[in-house]
Amino acid sequence: MGDKDVSQAATGAPAAGAAATGATDDADQFFETAVRGSVEELLDAGAHGEIDAMRHSSAHVMAESVLAIFPDAQLGIGPAIDDGFYYDFLLPRPLTPDDLAAIEAGMRASIAADHPFVRKEVPFAEGRAFFEAARQPFKVEILDDLAAKAKETGTPLPPTTTYQQGSFVDLCKGPHVASTGKIGPFKLMTVAGAYWRGSEKRPMLQRIYGTVWSTQEDLDAYLHRLEEAKRRDHRRLGVQLDLFSFHDVSPGSAFWHPKGQRLWRTLEAAIREVQDRRGYQEVATPMLVHKKLWEQSGHWANYQDSMFVLESEGQTFSLKPMNCPESTFIYKSRLRSYRDLPLRLSEFGRLHRNERSGTLSGLTRVRHFVQDDAHIYLRPDQLQDEIKELLGEVYEVYGWFGLEPKFTFGTKPDKALGDPELWEKAESQIKAALDSFGKPYRIKPKDGAFYAPKIDIQIEDALGREWQTATIQVDLVMLPERFDCTYIDENGEAVRPMTIHRAIYGSLERFIGVLIEHFAGAFPVWCAPVQVMVIPIADRHIEGARELETLLKARKLRVEVDASDSRMQNKIRLAQEQKVPYMLVLGDREIEAHTVAIRNRAGDQENGVTWDDFIDRLAEETAARRP
RNA sequence: GCCCUCAUAGCUCAGCUGGCAGAGCGCGUCCUUGGUAAGGACGAGGUCAUCGGUUCAAGUCCGAUUGAGGGCUCCA
6 MGDKDVSQAA TGAPAAGAAA TGATDDADQF FETAVRGSVE ELLDAGAHGE
56 IDAMRHSSAH VMAESVLAIF PDAQLGIGPA IDDGFYYDFL LPRPLTPDDL
106 AAIEAGMRAS IAADHPFVRK EVPFAEGRAF FEAARQPFKV EILDDLAAKA
156 KETGTPLPPT TTYQQGSFVD LCKGPHVAST GKIGPFKLMT VAGAYWRGSE
206 KRPMLQRIYG TVWSTQEDLD AYLHRLEEAK RRDHRRLGVQ LDLFSFHDVS
256 PGSAFWHPKG QRLWRTLEAA IREVQDRRGY QEVATPMLVH KKLWEQSGHW
306 ANYQDSMFVL ESEGQTFSLK PMNCPESTFI YKSRLRSYRD LPLRLSEFGR
356 LHRNERSGTL SGLTRVRHFV QDDAHIYLRP DQLQDEIKEL LGEVYEVYGW
406 FGLEPKFTFG TKPDKALGDP ELWEKAESQI KAALDSFGKP YRIKPKDGAF
456 YAPKIDIQIE DALGREWQTA TIQVDLVMLP ERFDCTYIDE NGEAVRPMTI
506 HRAIYGSLER FIGVLIEHFA GAFPVWCAPV QVMVIPIADR HIEGARELET
556 LLKARKLRVE VDASDSRMQN KIRLAQEQKV PYMLVLGDRE IEAHTVAIRN
606 RAGDQENGVT WDDFIDRLAE ETAARRP
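Everything in the first sequence is counted per the working numbering, starting at 6 for the first residue and increasing by one.
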């Protein structure tokens, strides 16, 4: 399946020759991008605007400084990126933090000198000879690729353009700022390994990341944003809020603590309620499956390396990495009539994918996760209505969190399988559904899966970061054809259904990770693991607190009593740190009158509310799932 | 998987050029029984991730392993 971030959200199918689909990278790239590792990409410094020109210029200045310190350094590429720039170098030794400081100092000197950026165009051969003499083999390789490309297309060799500031010359198509002095406040951030041209068969270079901004305020704001992201990091908050932990006995799989599991169950119950209401039927299929299933689906050939495989009695099994093939066994367990469709089979599938060790990260990149998956078998004439229904479902669910879903329609890729006419029909119906749904959407041409046009759903969190979560894929080939699914139509003939794979949260793990960061741990009242902390002022109030606790629990509200011998102030502080929405203080006055003094986590105060009123209000707020 | 960095108490971290294992929070006991973000005293708690090496001596230096973090790559 296409997008990087979709993988654990998406249901899926084998990517026969997936490498050739030219999959795009991040959900936030909605323009056509150069193919990874191509000459275009290497030369495209991303300098599309003034600030990007400055960022790209910063990369040049950094290369100048690195070269001054390491005269033998070989230069890779140095483009502008979101928030800054990087440059890749082949260096004689690993860089240290001291090196970064020295490189920064060199950059400051170059900026203070205010060298102009001088563009120069020379004939190809001369340019190539220059970089050859400068012992810059990566630059020569780029030029040779350009030459090969020109030969292929029959166009004349392009001239070589270079930019020079001070004594430093770099192969570059620009543009740049006028001079080094125009570079704003910057900071070098980190060093990371990066393969030359993204290929693990090529040398590993050292990539230095930097950030640069027009003004000091912008730089400070950016650094502050990073701090804020760190503060909200779900891995940190997961420990602080006692939601989950990771242990080396099962890398990439979360251990859910009681509070995390409570949150999980609340989210699961909520989507289950929606599914029941919208005509889904929940199923459960085995986790351990014979390899012949994956041979039939095509995954064995393409994704065996990503599956956990085990042997028993001479037979080969694997832990399922996805649910969809198994749903076909339920579909085919009896003859289906056109009257039965759409048949919506939902499943909270526990999946295992053997992600490479270096890629694991918190809840967002795991080896074991649960999808709120569903497979909908339907007649082609039902497609438009069903899609529209699903868009509504996404809207409803995301509304519980105050999230505005963004829809992206990925259309037929070049390598698509299946009948082109079928594709065309499916795409026009999806488009009609999107249009009639009435919310804006984006189209990403050729970004569909090779077996299915799809709608990916992104959300933007409180820090403006975009996440891929839900997905809706119209499967024209994989389940219907490979698993030979049919239904009996009005004429008594067996015909192919279409299938929709969809997940609303996507992976529960990942979704919870996103929620933690979006809300900085302060979950909406309806799903907060602890909704109410009852705080007796003195020991003599504990009994009353327990009574109130019982009443709240009777309404299935999530409550705890802080019966420790701490002072009330400390109990409030701890509840506040746990981001508990409501703190109910109980002292003599309250016990006597059966009221509570309510303090919410924003610090607002409301005294003298009766127990019954509070319970009714909380029950209503919970049922409404207000964000 | 690859490159770099990291791993010390439940948590956050200090521990310099090798020389007796530390702090705050949390936890336990006791005192305190309180009115909206930390009351006090005492105490328990560590095979310094694991394995090996150098050394009179290793938390500290070297190597390997495991895990984590930042990237690269991959992602049905």
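C-beta: ideal position from N, C-alpha, C; glycine also.
First and last residue of the uninterrupted beta strand (DSSP E) at residue i
i: PHE528; result: No beta strand (DSSP E) contains PHE528, which DSSP labels as neither H nor E.
i: GLY549; result: It is not in any beta strand (DSSP E) - GLY549 instead sits in the alpha helix (DSSP H) that spans 547-559.
i: GLU146; result: It is not in any beta strand (DSSP E) - GLU146 instead sits in the alpha helix (DSSP H) that spans 142-158.
i: ILE462; result: 459-465
i: ALA197; result: 191-200
i: LEU210; result: 209-217
Proximity winner among the options, relative to residue i (alpha-carbon distances)
i: PRO640; options: ASP480, PHE406, PRO291, ALA275; result: The question about residue 640 has no answer, for the chain in this structure spans 6 to 632.
i: LEU596; options: LEU80, ILE547, GLN610; result: The amino acid occupying residue 596 in the given sequence is Ile; Leu does not appear at that position. Closest option to ILE596, Cα to Cα, is ILE547.
i: ARG270; options: ARG563, TYR227, GLU401; result: ARG563
i: VAL71; options: ILE86, ALA114, GLU55; result: ALA114
i: GLY404; options: GLU205, ALA107, PRO529, ALA64; result: PRO529
i: HIS373; options: GLU514, ALA437, ASP150; result: GLU514
i: ASP466; options: GLU522, ARG370, ARG124; result: GLU522
i: THR364; options: TRP299, GLU287, SER258; result: SER258
i: ALA454; options: LEU439, LEU481, LYS296, SER433; result: LEU481
i: GLY497; options: GLU131, ARG341, LYS337; result: ARG341
i: PRO121; options: ILE188, LEU368, ALA73, LYS558; result: ILE188
i: TYR382; options: THR290, ARG551, GLU486; result: GLU486
i: ALA437; options: ILE392, THR474, GLY284, TRP428; result: ILE392
i: THR195; options: SER184, TYR91, GLU625; result: TYR91
i: ASN359; options: ASP225, GLU394, PHE313, THR321; result: PHE313
i: LYS144; options: ILE82, GLY423, PRO97; result: ILE82
i: GLU300; options: ILE74, MET483, LYS558; result: MET483
i: ARG507; options: ASN328, ASP238, LEU100; result: ASN328
i: HIS61; options: GLU126, ALA183, ASP424, PRO128; result: ALA183
i: GLU626; options: ILE448, PRO458, TYR587, PRO445; result: TYR587
i: PRO502; options: PHE488, GLU109, SER512; result: PHE488
i: ARG551; options: ILE505, HIS599, TYR510, GLY511; result: HIS599
Start-to-end residues for the alpha helix (DSSP H) that takes in residue i
i: HIS239; result: 239-245
i: PRO102; result: 102-118
i: GLY132; result: 129-138
i: ALA475; result: Per DSSP, ALA475 belongs to no alpha helix (DSSP H); it is in the beta strand (DSSP E), 471-480.
Collapsed DSSP secondary structure at residue i in the structure displayed
i: ASP175; result: strand
i: ILE435; result: helix
i: HIS380; result: strand
i: ALA21; result: Caution applies to ALA21, whose pLDDT of 34 falls short of 50 and renders its modelled position unreliable; the value that the coordinates give is listed next. DSSP places ALA21 in coil when its eight states are reduced to three.
i: TRP428; result: helix
i: GLU495; result: coil
i: THR185; result: helix
i: PHE455; result: coil
i: LYS449; result: strand
i: GLU626; result: helix
i: HIS506; result: strand
i: ARG254; result: Rather than Arg, the amino acid found at residue 254 in this sequence is Val. Here VAL254 sits in coil by DSSP.
i: THR416; result: coil
i: PHE442; result: helix
i: LYS206; result: coil
i: PRO632; result: coil
i: PRO533; result: The amino acid at residue 533 is misidentified as Pro; the sequence shows Ala. Reduced to three states, the DSSP call for ALA533 is coil.
i: LEU272; result: helix
i: ASP570; result: coil
Those residues which DSSP pairs with residue i across a bridge
i: GLY404; result: DSSP, once it has assigned bridges, lists no residue as partnering GLY404.
i: MET538; result: GLU565, MET588
i: SER512; result: GLN376
i: ASN575; result: None, per the DSSP bridge assignment.
i: TYR168; result: ARG124, ASP175
i: ILE603; result: LEU589, GLU611
i: VAL500; result: TYR492
i: TRP261; result: PHE249
i: LYS411; result: GLN463
Near the ligand COA: residue i beta-carbon under 7 angstroms from a heavy atom
i: VAL566; result: You won't find the ligand COA in this model; it holds no ligand whatsoever.
Write down every uninterrupted run of the alpha helix (DSSP H) in the stretch 276-335 whose length is 4 residues or greater and which is fully enclosed by it, in chain order. 296-302, 304-308
Unbroken beta strand (DSSP E) runs of length 3 or more, entirely within the stretch 334-373: which are they? 348-357
Along the chain, which unbroken stretches of the alpha helix (DSSP H) at least 4 residues long are found entirely within the stretch 59-102? none
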